[in-house]
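A short write-up of the structure that comes next.
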Amino acid sequence: EIFPLNVRASGVALSTAANWAMGAVMTEVVKLFPSLNIDGVFYLFAGLCLICLVFVYFFCPETKGIMLEDIEGLFNKSKAAKSPEFVEVKSPVNQV
-2 EIFPLNVRAS
8 GVALSTAANW
18 AMGAVMTEVV
28 KLFPSLNIDG
38 VFYLFAGLCL
48 ICLVFVYFFC
58 PETKGIMLED
68 IEGLFNKSKA
78 AKSPEFVEVK
88 SPVNQV
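Residue numbers (my numbering): -2 to 93.
Take a look at the structure:
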């Protein structure tokens, strides 16, 4: 849901491929179990979870309650404030 509309299909495909690739990597990590013991494996996964937690906390904004089209604005690199639009106000004095 966080991909821009113009690349959403490609982004989801890439995410799915990354998920399958990490599944394949996990089968290779299982081979390390005898050398790392159960404690080493626990600390390995705990470290990876900590890295992911830091990434999500700092780089993934909350999208709850935000319309899908507005999510793209959260990821714009420009932090400059937008200038307000000019709105002409008509008063009864000007109409006379």
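Using N, Cα and C, we set each Cβ at its ideal position, and we do this for glycine too. None of these values were measured; they are calculated from a predicted model.
| field | Under the three-state DSSP convention, the category Thr13 falls into | value | Helix.
| Sub-8 Å separation of Phe30 and Val22 beta-carbons | Between Phe30 and Val22, the C-beta gap is not smaller than 8 Å, which leaves the two residues out of contact.
| Boundaries (first-last residue) of the alpha helix (DSSP H) holding Asn73 | The continuous stretches of alpha helix (DSSP H) do not include Asn73, and DSSP gives it neither H nor E.
| Within 8 Å, strictly: CB atoms of Glu59 and Pro1 | Going by beta carbons, Glu59 and Pro1 fall outside the 8 Å limit.
| request: Look up Met64 in the DSSP assignment and say whether it is helix, strand or coil. | output: Three-state DSSP puts Met64 in coil, outside helix and strand.
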